[in-house]
Amino acid sequence: EAPPAPPEMPPMPEAPPARPEMPPMSEAHPAPPEMPPMPEAPPAPPEMPTMPEAPLGLDLLTPVDSTPVAEESTPDPLGMDLLAPLNPVEDSVTAEEPTAPLGMDLLAPPTAVEDTPVAEESSVDPLLAPVAVAEENAVQVGEIAGATIRSSAEVDEVPGDKLEGTLHEIETTTLSSDGTVVKQKIQGTLTVNNPSTEDRIYDIDVLLDNADSTDIGGDQISVDELEAGKNYVKEYSVSNAQMLILRESLDTNPARDNEQSLSIALSEEAGTIALSLEVENVSSVQLNNVNVTRGIPDCLTFTHSGASTIESGTLNWAVGTLSPGEKQILSIEGEISVSSTKTTKAGIAQATYEADSTLSNLAFRDLDAFCRGFTYMRVREDERPDNWICQTIFENRSSFAVDLVKLQVRMKGSDDLLFDVSDVKEDVHPQGKWESEERTIMATAEPDFTYDLSYTVLPRATRKTEGTLKLEESTFTVVDAEISKSYSTDTLRSFRQQQVEASMVVKNTGSATINLMRITDDIPGFFDAPDMDSMTITVNGKELSEDQWKGELSAGITLEKEHRSPDGDGHTMTLTVGTKGPIGLKPSKTMEVSYKLNAPDPSPANERVDAPARFQFSSEQFGPVCVRDAPEAPSIRVSHLRRNFSAGKQAIPMGGKGRYEVLILFENNGDTALQDVFIRDVIPSNFEIKDWHVRGVGGEKRSDVDMSTNETEDGIEITWKVPVVAKGERLDVSFEIKGEGEIDAEALNRFHGAHFGDELETEDEAPVEVEETVDDTKEDDASEVASDETSDEEAAPAIKFREDIMLRVMEEYGITDRDAFLEHSMNFDLDDNGYLKKAEFVEAAKAFTAGEEDAVETEDSEETVEETSEEVVEESTTEDGDETKDCPICPTSVAKTDMTCATCGFTFI
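FYI, the numbering for the sequence shown is 30 to 938, going by the numbering used here.
Laid out in C-alpha cells, this is it:
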C-alpha cells in the first residue's frame, strides 16, 4: 500500500486497478543500464510541502522503463519542464495519453491541486505511473554550479541583476604605544542580496574559504530562496587578526638616544619633546585611505609638523595607501612646558584604514543560485531521411544575468555525449538565450535526449574591511621635590672637639616616582672626612641596603665659593642612590640621609662657614634630570667665648641662739649667659632650713629656681637649680637655718661650690675673649701659707689654681713631687692676678724640669681652658699668723687689734 500522505498533502485517492498490460510491480523491469541514477532531490522550496519518504523499492526519481506502458512514444508534457513557466493545463494535457497529476511533479513549483485537472479517463495509479521523459531532463537542483568568482569590475560590465554576496568586517582595536593589542573587537557580516525588483532566486549556496578563522559555523551556507529585493544576513566575529599596526613614541629627553621618557622636570624653561608616529601594513593586501589623527594638548608646541598638518589642537597625517609590508614614519620635535606638578595627559592617537579584503581571510569559494532558466532541444529532420539536425538551447527568462556553467546532452540509451558544453564564455543576458551549434544525428525516429545542466545567477562577490585603531593615552609625570639640609647646631665652640649630626631630606612633591638620585654635598674644612660606614639612607622610613647606594669622597669643596673654612680645604661627598634598582620614592614620600661629622679643633677665625648641597634626580634612567639646591644651606660659626664669674658665702648670726642667716653670692661676669647653674651648700645635720629665696637682676626674686635637699655624712646638702643666669646677672641666695648645739663657724662659712652647663649664645654680639677668674677662696691643705710657727709673718694673699690642670701639666712633663712643684709654681703668676693659668703652669714645669730656680719671664698668652661638663669652685682660706685673726662669719682675716670685721661688720668680743 502507498504510504500515508504527509499532513500538509491532501489525502491520496485510492489507486485504480492496474491495467492488464502492466505487469505487477515485482515483475517490473529495472531501469535501463545506460541511464544514470538521478541524484537526490534538493530540499523543497518554502512553498512546497515536504516530500514523503518513498516506499521501499519505489524510487520516484528513478526512470522506469517505459516499454511496457505504451508501444508508441508519447510527447513530453510541456508542464514537466520544471524550469519553464507553466502553460495552461489544457495545453499540457492530451486526450490520448493522460499525464501524471500535476501534484506529483515534486520538482516543479507547487500549484493548488484543484487548479490542475486530471483526465477522467485516466485509470492509472499516479504512484505507479512511469516517470515522464521530461523529468529526466530536469535541472539537478542542489548541485553546486561551480561558477568562477570574478572581479566586481568585470561583473559590473555584464547587464542584468547579479547575485550579490558581501563579506564586511569592522575592526575596533585599542593598542599600547608599542603596537601591542590591548583590546580588540572584529565584527563580520555575510550578506546575500537579491537586487531584482521582479524575480526571486532559490537554492542559494555559499561556499567559503578560511571559515575556521571565524565563528561563522562552517564553510557552507544554504539559503532556500530570496524574494525580489530581499537579503540574507549572517553575523560572525573574528579574533587575533591584524592588518595595520599603529605605534607612537614620545620622548621628553630626546638628547639621550636611549629609552623614551615621559617625565618632565619642573622648570620655568620649556623642555624638548620628540613625537614619532608609525603605521605598518602587516597584511598581504593593500590598505587604502590610511589616515592618522592625534590630539595635541596645550602643554605641547610643534612649530614644524613635517608631512602632517596641525589645526585646532589636532594633528592630521594623511598616509594614503600602504602596500603589503610597507611602513611609514612621521617624526617631529617641539617643546613641552608645565606649570604644576599634576599628571598631564599627552593626547590620543588613532588611525583608520580600508581594505578590499577581510581581516580573517574569509573568502567566497562559490556563490550560486537558480532563477527562471531552462534548456531544451530544437530538432528538425534533414532533407535526407533519418537524419536529424539537433541544437541545444538555454533560455534565461529572468532579470538576472546567468552564467552557464555546464550543459551535457545525450541521446536516451546512449553514453555518448551529443553536446558537452562547459563554462560558456558568454553570459546569458536577462530574457536572453544561448544556442549551441547544430549537429546531425541518424535515427529512424525522432530522437529523445537526456540533459545535465548547471547554471547560476551571475555572482558579484565582494570583501571589505574597515578598521579603527586607537592608542592608549600616555601621560606626562612631573619630577619635583623639596630639598633641605641641616646640622644639629649652628655654632661651634672654639678649640673644642665637637660632634655634629648632619641630615639631608628629600620630599617628593611631584607626580612622578623618583627612582635615581645624585647628591653633591660640601663638607666644610673644620670637619674631618665623614665616616661613610656610619651613614644611613632611608626611604619611607625603611633603610636602604648598602648595595643600593654608593658614596665617594674627594678633597676640597665644590659648591661653596665664598664662605669657606680657613681650617682646611674640606671635602666633597658624592652620593648616588639607586645603583642596583629604582629607589621607588613615590609622590609625597620622603628620603633622608643621615651622617655624623667631627670638628676636632675649630678655630675662632670661622666667622661664617656655609655647607650647601645639590640634588639631581630623575624618574627614568634616561629621563630628564631635575636639579635642586638646598634653599637654605646650613651655616656654622665658631664662638670664641670665655666664662668669668664670682662666687662666695657668708653666715650671719641672727637674734636668738642657734639662728643664722646664710648669704651665697654667684655673679656671672662673662659676656654670655650660663645655662643650668647649680649652687650647692652643706649645713650641719643638727640644723634645719627655715626659709629661702633667690634674688636676681634688680633684686627681684626668681620664681624659676628649684631647691632640693639630701642627707649626707657631712650634713644636709642643699642644691639650688637656676635655669639661666644672664650675662652680668648677680644671684643672691639667702636662707635661714636654726638648730641647737655647737656649730663650726669655719665649716658654716665654707662655700661648697657651683657648677653649670654650657653658655647660651647671643647672636647680636660678637664673640669676646675673656679670662676665667674665680673670686672666691678655696680651702685646701696644700695651699695654706700660714701656720702657728709663722704666725708672726705678715699675711700674704693666696694664689688660686685648678688642681686638675696642674696634675695634667705634671703628667705631661713627668713631674711627680706635687708639693715641690706647687711651691715652685707660685713664682710664675706672671700677670699678678692671684691665679695660675695653664700657660703659667707650663712655664713653671719647663723651668722645674730644667733645674732653674729663678722665675722665667714669658710673654703674656691668652688663657685656654680645658672645658668639662661641670665646673666646680671651692672656697680657699688662709690661716692667720700671730698678728691676725679670722672673722667667724666671713673668711676675712683682720688684725688682732681690730674689734670689727671690715667685710661683714661682725663685732669681736
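All C-beta atoms, glycine included, are put in the ideal place defined by N, C-alpha and C.
Cβ separation of residue i and residue j, assumed to be a contact under 8 Å, to the nearest whole Å
| i | j | result |
| --- | --- | --- |
| residue 178 | residue 490 | 5 Å |
| residue 566 | residue 558 | So it is not a contact: roughly 18 Å between Cβ atoms. |
| residue 540 | residue 616 | 6 Å |
| residue 536 | residue 619 | 5 Å |
| residue 381 | residue 496 | 7 Å |
Nearest-angstrom Cα separation, counted from residue j out to residue i
| i | j | result |
| --- | --- | --- |
| residue 624 | residue 275 | 52 Å |
| residue 546 | residue 753 | 45 Å |
| residue 708 | residue 782 | 6 Å |
| residue 927 | residue 711 | 30 Å |
| residue 438 | residue 448 | 5 Å |
| residue 332 | residue 521 | 58 Å |
| residue 310 | residue 217 | 20 Å |
| residue 184 | residue 413 | 45 Å |
| residue 608 | residue 542 | 16 Å |
| residue 166 | residue 480 | Unreliable positioning characterises residue 166 in this predicted model, as indicated by a pLDDT of 38, which lies under 50. The coordinate reading is nonetheless provided below. Straight-line Cα distance between these residues: approximately 5 Å. |
| residue 17 | residue 875 | Not covered by the structure: residue 17. The range shown for the chain is 30 to 938. |
| residue 280 | residue 398 | 59 Å |
| residue 678 | residue 692 | 6 Å |
| residue 181 | residue 195 | 11 Å |
| residue 631 | residue 525 | 7 Å |
| residue 665 | residue 529 | 11 Å |
| residue 662 | residue 502 | 41 Å |
| residue 613 | residue 374 | 22 Å |
| residue 646 | residue 291 | 15 Å |
| residue 579 | residue 562 | 11 Å |
| residue 410 | residue 404 | 20 Å |
| residue 473 | residue 415 | 5 Å |
| residue 508 | residue 571 | 22 Å |
| residue 833 | residue 685 | 43 Å |
| residue 101 | residue 260 | Residue placement at residue 101 is flagged as unreliable, the pLDDT there being 40, under the threshold of 50; the coordinate-derived value follows with that caveat. Their backbone Cα atoms lie some 49 Å apart in a straight line. |
Residue from the options whose Cα sits closest to the Cα of residue i
| i | options | result |
| --- | --- | --- |
| residue 531 | 220, 542, 564, 545 | 564 |
| residue 273 | 519, 202, 420 | 202 |
| residue 650 | 285, 249, 698 | 285 |
| residue 725 | 697, 748, 758, 733 | 758 |
| residue 958 | 731, 756, 766 | This structure leaves residue 958 out entirely; the chain is present only between 30 and 938. |
| residue 675 | 186, 706, 377, 374 | 706 |
| residue 362 | 329, 354, 376 | 329 |
| residue 389 | 750, 198, 669 | 198 |
| residue 657 | 849, 642, 270, 669 | 642 |
| residue 548 | 572, 506, 601, 560 | 601 |
| residue 468 | 482, 440, 376 | 440 |
| residue 639 | 668, 589, 847 | 589 |
Own chain residues within Cβ distance below 6 Å of residue i, not counting five before or after
| i | result |
| --- | --- |
| residue 715 | 768, 770 |
| residue 338 | 345 |
| residue 277 | 206, 306, 378, 500 |
| residue 595 | 634 |
| residue 621 | 534, 567 |
| residue 239 | 390, 391 |
| residue 599 | 552, 553, 554, 586 |
| residue 694 | 677 |
Minimum Cβ-Cβ distance from residue i to chain C less than 9 Å
| i | result |
| --- | --- |
| residue 541 | No chain C appears in the structure shown, which is made up of a single protein chain. |
Neighbourhood of residue i by C-beta distance below 8 Å, restricted to the same chain and skipping five residues each side
| i | result |
| --- | --- |
| residue 858 | 828, 864, 865, 869 |
| residue 343 | 322, 323, 324, 325 |
| residue 187 | 430, 456, 458, 487 |
| residue 228 | 190, 257, 400, 401, 427, 428, 429 |
Cut-off 7 Å between Cβ atoms - residues of its own chain near residue i, not counting five sequence neighbours on either side
| i | result |
| --- | --- |
| residue 581 | 603 |
| residue 744 | 711, 712, 713, 714 |
| residue 432 | 176, 456, 484, 485, 487 |
| residue 637 | 592, 664, 666 |
Inset, instruction - Determine contact between the region 422-430 and the region 455-475, defined as no fewer than three beta-carbon pairs at a distance below 8 Å. - result: Flag = yes, the region 422-430 and the region 455-475 touch.
Inset, instruction - Decide if the region 225-242 is in contact with the region 294-308; the criterion is three or more beta carbon pairs, one per stretch, under 8 Å apart. - result: No: fewer than three Cβ pairs fall under 8 Å.
Inset, instruction - Would you check if the region 650-668 and the region 726-737 touch, i.e. whether three or more CB-CB distances between them fall below 8 Å? - result: Contact between the region 726-737 and the region 650-668 is absent, because fewer than three Cβ pairs lie under 8 Å.
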